[in-house]
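Protein chains in written order, with the numbering used here: chain A, 70 to 476; chain B, 70 to 476. Backbone N, C-alpha and C fix where the C-beta goes; we use that ideal spot for every residue, glycine too.
Number of protein chains: 2
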Amino acid sequence: MSPSPFSVGLLGHGTVGAAFAKLLQERSEAVGALTGRTPAVCGVLTTSSGSFDEILQSADLVVELIGGIEPARQYALDAMRAGKHVVTANKQLLCEHGEELFAAAADNGVQLRFEAAVAGVVPVVRVLLESLAGAHVERIHGIVNGTTNFILSEMEGGASYADALAEAQRQGIAEADPSADVTGRDAAAKMAILARLAFGTPVVLSDVHYEGIEHLQPDDLQYARELGLGLKLVGTAERLAGGISVRVHPAFLYGGHPLAAVSGPFNAVTLEAEAITEITMSGPGAGGRQTASAVLGDLVSVIRGDSAQPQPTQSLPFVSDISSPFYLHMEVADRPRVLAAVTGLLGERGISIKSVSQRGLGENARLLMVTHPVSESRLREAMKLIGELEFVGSEPRAIRVIEEEFL
Amino acid sequence: MSPSPFSVGLLGHGTVGAAFAKLLQERSEAVGALTGRTPAVCGVLTTSSGSFDEILQSADLVVELIGGIEPARQYALDAMRAGKHVVTANKQLLCEHGEELFAAAADNGVQLRFEAAVAGVVPVVRVLLESLAGAHVERIHGIVNGTTNFILSEMEGGASYADALAEAQRQGIAEADPSADVTGRDAAAKMAILARLAFGTPVVLSDVHYEGIEHLQPDDLQYARELGLGLKLVGTAERLAGGISVRVHPAFLYGGHPLAAVSGPFNAVTLEAEAITEITMSGPGAGGRQTASAVLGDLVSVIRGDSAQPQPTQSLPFVSDISSPFYLHMEVADRPRVLAAVTGLLGERGISIKSVSQRGLGENARLLMVTHPVSESRLREAMKLIGELEFVGSEPRAIRVIEEEFL
Numbered sequence: 070m071s072p073s074p075f076s077v078g079l080l081g082h083g084t085v086g087a088a089f090a091k092l093l094q095e096r097s098e099a100v101g102a103l104t105g106r107t108p109a110v111c112g113v114l115t116t117s118s119g120s121f122d123e124i125l126q127s128a129d130l131v132v133e134l135i136g137g138i139e140p141a142r143q144y145a146l147d148a149m150r151a152g153k154h155v156v157t158a159n160k161q162l163l164c165e166h167g168e169e170l171f172a173a174a175a176d177n178g179v180q181l182r183f184e185a186a187v188a189g190v191v192p193v194v195r196v197l198l199e200s201l202a203g204a205h206v207e208r209i210h211g212i213v214n215g216t217t218n219f220i221l222s223e224m225e226g227g228a229s230y231a232d233a234l235a236e237a238q239r240q241g242i243a244e245a246d247p248s249a250d251v252t253g254r255d256a257a258a259k260m261a262i263l264a265r266l267a268f269g270t271p272v273v274l275s276d277v278h279y280e281g282i283e284h285l286q287p288d289d290l291q292y293a294r295e296l297g298l299g300l301k302l303v304g305t306a307e308r309l310a311g312g313i314s315v316r317v318h319p320a321f322l323y324g325g326h327p328l329a330a331v332s333g334p335f336n337a338v339t340l341e342a343e344a345i346t347e348i349t350m351s352g353p354g355a356g357g358r359q360t361a362s363a364v365l366g367d368l369v370s371v372i373r374g375d376s377a378q379p380q381p382t383q384s385l386p387f388v389s390d391i392s393s394p395f396y397l398h399m400e401v402a403d404r405p406r407v408l409a410a411v412t413g414l415l416g417e418r419g420i421s422i423k424s425v426s427q428r429g430l431g432e433n434a435r436l437l438m439v440t441h442p443v444s445e446s447r448l449r450e451a452m453k454l455i456g457e458l459e460f461v462g463s464e465p466r467a468i469r470v471i472e473e474e475f476l
Numbered sequence: 070m071s072p073s074p075f076s077v078g079l080l081g082h083g084t085v086g087a088a089f090a091k092l093l094q095e096r097s098e099a100v101g102a103l104t105g106r107t108p109a110v111c112g113v114l115t116t117s118s119g120s121f122d123e124i125l126q127s128a129d130l131v132v133e134l135i136g137g138i139e140p141a142r143q144y145a146l147d148a149m150r151a152g153k154h155v156v157t158a159n160k161q162l163l164c165e166h167g168e169e170l171f172a173a174a175a176d177n178g179v180q181l182r183f184e185a186a187v188a189g190v191v192p193v194v195r196v197l198l199e200s201l202a203g204a205h206v207e208r209i210h211g212i213v214n215g216t217t218n219f220i221l222s223e224m225e226g227g228a229s230y231a232d233a234l235a236e237a238q239r240q241g242i243a244e245a246d247p248s249a250d251v252t253g254r255d256a257a258a259k260m261a262i263l264a265r266l267a268f269g270t271p272v273v274l275s276d277v278h279y280e281g282i283e284h285l286q287p288d289d290l291q292y293a294r295e296l297g298l299g300l301k302l303v304g305t306a307e308r309l310a311g312g313i314s315v316r317v318h319p320a321f322l323y324g325g326h327p328l329a330a331v332s333g334p335f336n337a338v339t340l341e342a343e344a345i346t347e348i349t350m351s352g353p354g355a356g357g358r359q360t361a362s363a364v365l366g367d368l369v370s371v372i373r374g375d376s377a378q379p380q381p382t383q384s385l386p387f388v389s390d391i392s393s394p395f396y397l398h399m400e401v402a403d404r405p406r407v408l409a410a411v412t413g414l415l416g417e418r419g420i421s422i423k424s425v426s427q428r429g430l431g432e433n434a435r436l437l438m439v440t441h442p443v444s445e446s447r448l449r450e451a452m453k454l455i456g457e458l459e460f461v462g463s464e465p466r467a468i469r470v471i472e473e474e475f476l
């Protein structure tokens with residue numbers, strides 16, 4: 070029996086949209102042989118051409134690659150209400166309006182798939198929704214923004230933040246306005262989606278605490294290297310005693326951590342659950358053809374009628390004051406006296422020190438410490454007092470440390 | 070609406086079977102909330118108790134954790150012919166009788182799932198069958214045997230093969246009879262399954278060329294470390310000009326290769342396709358609870374009605390004479406004359422040398438070389454002649470090198 074056609078309406082024809090149209094053409098025959106349906110684009114909507122209503126009429130499935138909230142949200146809802154499946158790469162839409170979209174898919178008996186919205190070709194959405202559907206995921210660590218990981222790799226090689234950013238822009242890895250990437254907002258949106266899937270509780274962008282990489286100093290990266298640590302922009306979603314935490318911030322990773330070796334514009338995600346210990350997945354974080362490939366995987370699953378959909382089963386509170394070890398960096402004019410004052414001040418607040426080292430001499434000395442785990446609020450309070458100490462130069466810096474400790 | 074029951078017949082109650090029964094009990098309520106069906110074991114078949122026919126009567130799905138070919142094969146076939154889904158962790162069964170089983174699943178409209186048969190909790194079967202169903206996978210590299218990877222990690226730390234094996238046995242990582250692991254046969258079975266899924270062509274164990282780790286010498290591992298290479302037992306499945314190759318052998322990996330950093334009893338797989346570049350996945354390679362977790366993921370997919378099944382679409386020839394760079398190790402009594410003779414001999418056969426180094430002096434000198442890519446047959450021919458050279462001591466050794474070159 071020869072395959073029957075499967076009509077794909079394509080919304081958006083930018084880098085990813087054009088790459089998807091090309092990839093679909095290349096692979097349609099193979100998909101037909103595999104599934105019995107040969108997919109082909111039945112209409113393309115761009116800013117200047119095409120009609121959404123006409124595309125909707127003829128499509129079995131709509132691929133949304135416009136990006137942003139509106140009109141992407143309305144198109145996706147209209148498509149599902151018309152009984153059409155939707156595949157999207159739109160992280161912003163998912164993390165802001167996920168519940169509305171998931172409900173629309175369920176109500177209309179259609180599929181909504183979005184592998185390409187998180188971590189490029191790394192199939193973390195599918196693995197969370199399918200392989201680990203029966204598991205109780207405890208924690209996710211992710212490098213989910215390739216642009217910042219590229220910039221940090223460059224800085225690890227000695228470049229300043231400004232030079233590294235310029236190089237990323239030159240190579241097309243960073244956008245002209247890099248703020249969504251470098252502030253951690255893009256990674257935060259992706260972590261919100263992953264947390265939603267892992268914990269079965271609604272998570273939107275404003276639930277995610279995020280900090281970016283703009284304020285990192287080259288010497289932090291240099292010390293990281295000397296200490297055998299990697300400095301990464303890490304997204305974390307985890308269950309804690311009082312609820313869950315979803316956050317993105319720069320963090321030092323010990324050399325043995327699966328994410329420590331991830332360099333350049335790559336993404337990687339570590340999923341931890343008691344029954345699996347941990348799974349790590351990595352791959353290119355972006356690229357039109359790579360993203361198109363993730364969209365194609367979703368399309369094939371829709372044709373086959375696979376049905377894994379996220380279901381909220383609970384509403385969990387967010388925990389905001391998280392404990393972790395911290396790396397502290399202080400510029401000090403007189404090392405011995407400052408060391409005594411700082412350790413005394415930390416000790417009084419129950420913050421214990423794991424290691425201390427110094428760099429430089431006299432007026433240019435730097436004191437580097439790593440603490441044992443301490444709550445962020447307590448650490449910040451102590452840092453404020455340390456900053457007010459005599460002999461301590463410019464504002465002391467603190468960066469979280471992630472230890473290699475699996476379930 | 071409260072979930073309806075879903076009956077699971079369990080064949081086998083060894084380490085994995087017992088772990089699966091326990092995990093299912095822990096997670097059944099959560100699976101019920103997610104899928105609308107609450108799974109529970111309706112009967113267990115062990116060597117001393119239970120009736121397959123009775124279990125089959127009451128089961129919606131049969132989990133086969135007996136291992137080996139018979140009676141596992143007959144049970145799986147009988148179950149599918151009776152309209153029951155089958156989930157198995159049986160790599161041997163899949164790689165020897167995969168086509169018969171896949172056909173039985175298709176003919177009877179039931180699902181056959183086997184994530185746990187390859188690479189423990191690493192969801193490579195699902196990613197190949199689903200995420201990459203529309204992709205054209207070109208190459209797979211895998212560390213798919215945790216036992217040998219543990220032994221090699223120990224040897225990298227200076228242990229002899231015998232001591233490393235004994236330590237693995239002491240820790241329960243290697244079996245009393247380790248031959249299936251250390252000869253590469255276990256890894257070969259897993260690579261046969263992955264090749265079958267990736268290339269859509271039947272592959273059985275006898276199609277796979279495999280070599281083990283029993284003959285590796287501690288100094289090979291020491292040189293590897295000095296040269297910045299990792300020595301791993303690597304499975305490869307790849308498309309070549311004349312067909313495909315599926316093989317398992319020790320190989321030196323350059324430090325930047327995603328598999329180079331995988332140490333201890335872990336599994337990791339790198340999937341390469343032009344459209345995705347590459348995806349790497351890693352996690353624990355074994356463990357009863359981890360394997361049970363992979364079985365549970367399959368069970369959830371069956372309940373949901375997901376349907377991804379492998380389909381053969383072509384029959385591809387196997388290519389046997391593969392080109393790669395080689396590391397060569399020679400014990401030489403008189404270095405300068407041997408170097409001239411060896412390089413002359415290699416040069417005459419068109420084998421070019423990328424690097425040469427020496428270790429030791431006089432009678433105990435060792436000559437280490439890395440060649441540019443050369444076909445195995447040509448290299449073996451040259452090695453035979455080198456072994457016959459005057460001044461060359463015990464048989465020269467050759468180990469393949471895998472360069473970091475992605476599509």
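is_contact[A/GLY203, chain B] using C-beta, thresh 8 Å:
Chain B, which has a Cβ nearer than 8 Å to the Cβ of A/GLY203, makes this yes.
Residue-chain proximity (A/GLU472, chain B), Cβ-Cβ < 8 Å
So no, A/GLU472 is outside the interface.
So with CB distances below 8 Å, who are the chain B contacts of A/ILE348?
Here the neighbours are VAL190, VAL191, PRO192, MET350, SER351, GLY352.
Where does B/LEU328 sit, in a helix, a strand or coil, going by DSSP?
DSSP places B/LEU328 outside both helix and strand once states are collapsed to three, so it counts as coil.
C-alpha distance - A/ALA109 paired with B/ALA344, whole-angstrom precision
For A/ALA109 and B/ALA344, the gap between their C-alpha atoms comes out near 18 Å.
So, does the CB of B/GLY101 fall closer than 8 Å to a CB anywhere in chain A?
Interface annotation, B/GLY101: not in contact with chain A, CB-CB separation never under 8 Å.
Please compile the residues from chain B whose C-beta is within a distance smaller than 7 Å of the C-beta of A/VAL196.
Listed along the chain, the chain B residues whose CB falls inside 7 Å of the CB of A/VAL196 are PRO192.
Any beta carbon of chain B sitting closer than 8 Å to that of A/ALA377?
Yes, because at least one Cβ of chain B sits closer than 8 Å to the Cβ of A/ALA377.
Residues within the region 320-341 of chain A neighbouring chain B, beta-carbon criterion of under 8 Å
If you check each beta-carbon in the region 320-341 of chain A against every beta-carbon of chain B, the ones closer than 8 Å belong to PRO327, ALA330.
For the candidate residues A/GLY333, A/ALA258, A/THR349, whose alpha-carbon lies nearest to that of A/LEU340?
Looking at the Cα atoms, A/THR349 is the closest of the given residues.
If B/LEU125 sits next to B/ALA148, beta carbons under 8 Å apart, how far is it from one beta carbon to the other, in whole angstroms?
In this structure B/LEU125 is in contact with B/ALA148, their Cβ atoms being roughly 6 Å apart against a cut-off of 8 Å.
Output, in chain order, the set of chain B residues within a Cβ distance shorter than 7 Å of A/ARG479.
What is shown of chain A runs 70 to 476, which leaves residue 479 of chain A out entirely.
Here's the rule I'm using: 16 or more other beta-carbon atoms within 10 Å means buried, otherwise exposed. How should B/ALA430 be labelled?
Checking the displayed sequence, the identity of residue 430 of chain B turns out to be Leu instead of Ala. Exposed.
Could you tell me how far apart the beta carbons of B/ASP276 and B/PHE387 are, in whole angstroms, since I believe they sit closer than 8 Å?
Contact holds; Cβ gap of about 6 Å.
In this structure, how does DSSP classify A/VAL179 when only helix, strand and coil are distinguished?
Assigned with DSSP and collapsed to three states, A/VAL179 falls in coil, not helix or strand.
Which class does B/THR252 belong to by DSSP, given the choice of helix, strand or coil?
If DSSP states are grouped into helix, strand and coil, B/THR252 belongs with coil.
For a contact defined as C-beta to C-beta under 9 Å, what are the partners of B/GLY211 on chain A?
Within 9 Å Cβ-Cβ: nothing; B/GLY211 doesn't reach chain A, min ~14 Å.
A/GLY419 versus A/SER444 - alpha carbon distance
Straight-line Cα distance between these residues: approximately 10 Å.
Among B/ALA99, B/GLU199, B/ALA188, B/GLY189, which residue has its Cα nearest to the Cα of A/VAL191?
In terms of CA proximity to A/VAL191, B/GLU199 leads the group B/ALA99, B/GLU199, B/ALA188, B/GLY189.
Which runs of the beta strand (DSSP E) fall wholly inside the region 261-335 of chain A and span at least 3 residues, in chain order?
Segments of the beta strand (DSSP E) lying fully in the region 261-335 of chain A: 298-309, 312-323.
Alpha helix (DSSP H) segments (min. 4 residues) lying fully within the region 398-431 of chain A:
Counting only runs of 4 or more, we get 404-417.
Residue burial classification, A/GLU207 (beta-carbon count within 10 angstroms, cutoff 16)
Classification for A/GLU207: buried.
Tell me, to the nearest whole angstrom, how far the beta carbon of B/ASP250 is from that of B/THR217; I am working on the premise that it is less than 8 Å.
Confirmed, Cβ separation roughly 6 Å.
Put B/THR346 into one of helix, strand or coil per three-state DSSP.
The three-state secondary structure of B/THR346, taken from DSSP, is strand.
Rounded straight-line distance, which links the Cα of A/VAL407 to that of A/VAL461:
Pairing A/VAL461 with A/VAL407, the inter-Cα distance amounts to about 7 Å.
Rounded separation between A/VAL77 and B/SER424 - CA only:
The straight-line gap from Cα to Cα measures roughly 53 Å.
Runs of beta strand (DSSP E) wholly within the region 107-178 of chain B (minimum 3 residues, chain order):
Whole beta strand (DSSP E) segments, 3+ residues: 130-133, 154-157.
Does the Cβ of B/HIS284 have 16 or more other Cβ atoms within 10 Å, making it buried, or fewer, making it exposed?
With a 10 Å radius around the Cβ and a threshold of 16 neighbouring Cβ atoms, B/HIS284 comes out exposed.
Rounded to the nearest angstrom, what separates B/GLU432 and A/LEU290 at their Cα positions?
Note on geometry: alpha-carbon atoms of B/GLU432 and A/LEU290 lie some 48 Å from one another.
Measuring straight from C-alpha to C-alpha, what distance separates A/VAL369 and A/ALA158?
Cα to Cα, A/VAL369 sits roughly 15 Å from A/ALA158.
Mapping the DSSP letters down to three states, classify A/GLU464 as helix, strand or coil.
Looking at A/GLU464 - three-state DSSP - the assignment turns out to be coil, as it is neither helix nor strand.
Taking buried to mean at least 16 other C-beta atoms within 10 Å of its own C-beta, is A/PRO405 buried or exposed?
The residue is exposed, with fewer than 16 neighbouring Cβ atoms inside 10 Å.
Same chain, Cβ closer than 8 Å to B/PHE475, five either side skipped, listed in chain order
Residue placement at B/PHE475 cannot be trusted, given a pLDDT of 49 that sits under 50; what the coordinates show is reported in the next sentence. The beta carbon of B/PHE475 sits closer than 8 Å to those of GLU341, THR346, GLU347, all from its chain and outside the five residues before and after it, given in chain order.
For B/VAL85, the nearest candidate out of B/LEU448, B/PRO379, B/VAL364 (CA to CA)
Its Cα nearest to that of B/VAL85, the residue B/VAL364 stands out among B/LEU448, B/PRO379, B/VAL364.
Taking one C-beta from the region 448-459 of chain B and one from the region 408-415 of chain B each time, how about it: are there three or more such pairs within less than 8 Å?
Of all C-beta pairs linking the region 448-459 of chain B to the region 408-415 of chain B, three or more are shorter than 8 Å, placing the two stretches in contact.
Assess contact between the region 137-146 of chain B and the region 234-244 of chain B, defined as three or more Cβ pairs (one per stretch) separated by less than 8 Å. Is contact present?
Contact fails: fewer than three Cβ-Cβ distances are below 8 Å.
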